[in-house]
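Everything below concerns the one structure shown next.
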Amino acid sequence: MMVSRMVYPVLIALFLLGCERAYVKPDGFAPYLNTYENRAVTPDRVVYRVRKFENKKGGDLAFWKVALKTHMKDSGYIILSDEDVVAKETPGYLLKMAAPVANQDYIYLISIFIKDDNLYVIESAGEINVFAKYERNILQTINSTDLRGQFTN
Amino acid sequence: MKKNLHHFSFLLLLFIQSIAHGQTAINNELNIKPGNVDDAGEKLAHKASMLDGYFTTRSNTGITLKVPATKTTDMQQFVEENWRVYQQIYSVKDIGIEILQARSKLTAKEELLDEYQRILNESKSSSIIKVSTAQSKLVGEIEELRGRLNLLNHQIKYAQFTINFTIDRPGIENMRSRSSFPWLNEIGLDRLLGDME
């Protein structure tokens, strides 16, 4: 009886650890440990992150598409392309942008999805030439992401 | 006020130059931020040409011009009228002594060459080779000195303008607009890269 009481916390800890490792990340990326978000990075500084926001205004995807694109354009980003995208059957929207970082040009990808009153945002960025090496992997990962499984909280 | 002070300093340097016996080399380096570097390069090259000068190098990072020293002020005014000058290094170097030394050396070497020629004419066949070798070496040195003198005289005649183009990049820290939707204020390349540090 005493032993089983000690085993439960260990099992719970292992379960939580297992949850954290279940984050889906693109090939070539290493995960950040001890974060409640899915964060990953490559050795050459291409970053990837999945975030969740409460969809307070209750806007649908069509609404957020326009809001996001307008906001990013107004902020000074150069819009390279925008298209519809799917994350494991959840429809979403993908915006590809360019922006200067110091003396380099960066690619910045944002994709958004609405699911269960939440707004999921997947971001990725890196120096333009380096990013090109990982872009396909990133898009494949977005397509296969189970949004609800990306968070431990 | 700042522009007047800048202009006064420039005129003061020109005055110093004029009292330095006129044997001075002018180097004027300016940093400007043109919106269109091709257009700026074209305008500057054209102006130099109008002032009887020319450009020696030109790229999208800057242009180097040679302008008659007497028209330095005209070129300076043209740059100031068309672009904001962010930084300027104006230097006037007195090269009179350098010219004098080069001329003295040249005269001495030319006299020596004449002497070699005289020896060569009078010498026996066995010593001809040695004199001829020394003479050849001396001719090379004389040519080099003549070239150096030409260059120095050219530096007196033409002021050099090195105009560097600085291109403003907005920087991601300034790429931000406020939104009434809180989550939109949470995204952006600066935040992403900052959070992933």
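Quick note, the sequences are listed as chains A and B, same order.
All residue numbers for the first sequence refer to our numbering, where the first residue is 107 and numbers rise by one.
All residue numbers for the second sequence refer to our numbering, where the first residue is 597 and numbers rise by one.
Glycine included, every Cβ here is placed at the ideal spot set by N, Cα and C.
TODO: With DSSP as the reference, label Asp252 of chain A as helix, strand or coil.
DONE: Within the first sequence, the letter at position 146 stands for residue 252 of chain A. Coil.
Open item on the list: Assuming contact is defined by CB atoms lying nearer than 8 Å, are Tyr199 of chain A and Leu167 of chain A in contact in what I supplied?
Closed with: Indexing the first sequence from 1 puts residue 199 of chain A at position 93. Indexing the first sequence from 1 puts residue 167 of chain A at position 61. In this structure, Leu167 of chain A lies closer than 8 Å to Tyr199 of chain A by Cβ.
TODO: Pull up the distance between the alpha-carbon of Val152 of chain A and that of Gly134 of chain A, whole angstroms please.
DONE: Indexing the first sequence from 1 puts residue 152 of chain A at position 46. Indexing the first sequence from 1 puts residue 134 of chain A at position 28. Cα to Cα, Val152 of chain A sits roughly 10 Å from Gly134 of chain A.
TODO: Note down, in chain order, each residue of its chain lying with its Cβ closer than 6 Å to the Cβ of Lys202 of chain A, except the 5 sequence neighbours on either side.
DONE: To locate residue 202 of chain A, count along the first sequence from 1; it is residue 96. Once the five neighbours on either side are set aside, the close Cβ partners of Lys202 of chain A are Leu186, Ser187, Leu215.
Open item on the list: Going residue by residue through the region 632–715 of chain B, where are the continuous beta strand (DSSP E) segments of at least 3 residues, counting only ones entirely within it?
Closed with: 650–655, 658–664, 681–690
TODO: Output the distance between the C-alpha atoms of Arg127 of chain A and Tyr154 of chain A, rounded to the nearest integer angstrom.
DONE: Translated into positions along the first sequence, residue 127 of chain A becomes position 21. Translated into positions along the first sequence, residue 154 of chain A becomes position 48. Residue placement at Arg127 of chain A cannot be trusted, given a pLDDT of 49 that sits under 50; what the coordinates show is reported in the next sentence. In a straight line, the C-alpha of Arg127 of chain A is about 15 Å away from that of Tyr154 of chain A.
- [ ] Return the Cβ separation of Leu716 of chain B and Gln731 of chain B in integer angstroms, given the expectation that the two are a contact with Cβ distance under 8 Å.
- [x] In the second sequence, counting from the first residue as 1, residue 716 of chain B sits at position 120. In the second sequence, counting from the first residue as 1, residue 731 of chain B sits at position 135. About 7 Å; that satisfies the 8 Å criterion.
Open item on the list: If distances are taken between C-alpha atoms only, which option among B:Leu748, B:Arg680, B:Ser719 comes closest to Asp690 of chain B?
Closed with: Mapped onto the second sequence, residue 690 of chain B falls at position 94. Considering only alpha carbons, the answer is B:Leu748.
TODO: May I ask you to list, following chain order, the residues of the region 175–206 of chain A that have a beta carbon less than 7 Å from some beta carbon of chain B?
DONE: His177, Asp180, Ser181, Gly182, Tyr183, Ala205, Pro206
- [ ] Name the residue from A:Val207, A:Ala208, A:Asn209, A:Ser217 whose alpha carbon lies nearest to the alpha carbon of Pro197 of chain A.
- [x] Taking the first residue of the first sequence as 1, we reach residue 197 of chain A at position 91. Cα-wise, what sits closest to Pro197 of chain A is A:Ser217.
Task: chain A contact for Gly658 of chain B (CB, 8 Å cutoff) - done: Here residue 658 of chain B refers to the residue found at position 62 of the second sequence. By this cut-off, Gly658 of chain B is not an interface position.
Task: chain B contact residues for Lys239 of chain A, given Cβ-Cβ distances below 8 Å - done: The sequence position of residue 239 of chain A within the first sequence is 133, counting from 1. Correct list: empty, because the minimum Cβ distance to chain B is about 18 Å.
Task: Pairwise C-alpha distance: Val147 of chain A and Ser773 of chain B - done: Counted from its first residue, the second sequence places residue 773 of chain B at position 177. Counted from its first residue, the first sequence places residue 147 of chain A at position 41. Distance between the alpha carbons of Ser773 of chain B and Val147 of chain A: 27 Å.
- [ ] Identify every run of the alpha helix (DSSP H) within the region 151–185 of chain A, keeping only runs that are complete inside it and at least 4 residues long; order them along the chain.
- [x] 167–181
Task: chain B within 8 Å of Arg254 of chain A, Cβ atoms only - done: Here the question's residue 254 of chain A lines up with position 148 in the first sequence. No, its Cβ sits nowhere closer than 8 Å to a Cβ of chain B.
Open item on the list: Could you check whether Met771 of chain B and Gly790 of chain B sit closer than 8 Å to each other, using their CB atoms as the reference points?
Closed with: Working through the second sequence from its first residue, we reach residue 790 of chain B at position 194. Working through the second sequence from its first residue, we reach residue 771 of chain B at position 175. No, the pair does not count as a contact, with Cβ atoms beyond the cut-off.
Open item on the list: In chain order, what are the residue ranges of uninterrupted beta strand (DSSP E) at least 3 long that sit wholly in the region 210–255 of chain A?
Closed with: 210–221, 224–233
TODO: May I have the straight-line CA-CA distance separating Lys239 of chain A from Pro132 of chain A, to the nearest angstrom?
DONE: Locating residue 239 of chain A in the first sequence gives position 133, counting from the first residue. Locating residue 132 of chain A in the first sequence gives position 26, counting from the first residue. When rounded, the distance between both Cα atoms is 12 Å.
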